[in-house]
Amino acid sequence: NDTEECLSEEEVEELMVRTSRKQIRSDYRRSLGSEASRRYCDINNKKN
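Per my numbering, numbering through the sequence shown is continuous, rising by one, with the last residue being 67.
Structure follows, in structure tokens:
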């Protein structure tokens, strides 16, 4: 019985999803960071 060293499929999937979300977020911030925040500010300024 090797359940202690092996994660269940659900746990693996959750871990992968969490990891990929973090990766996507950091990639997004790295590549679009300043432009995205500029646009975000523009949108908010137009709303007010």
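The C-beta atom is built at its ideal place from N, Cα and C for all residues, glycine as well. Computed from a prediction, not measured in an experiment: that's the story for all the values here.
Across the structure, Asp46 and Gly52 are spaced so that their CA atoms are roughly 9 Å apart. In this structure, the alpha-carbon of Arg57 lies about 14 Å from that of Arg49. Taking C-alpha positions only, Ser27 is separated from Ala55 by approximately 38 Å.
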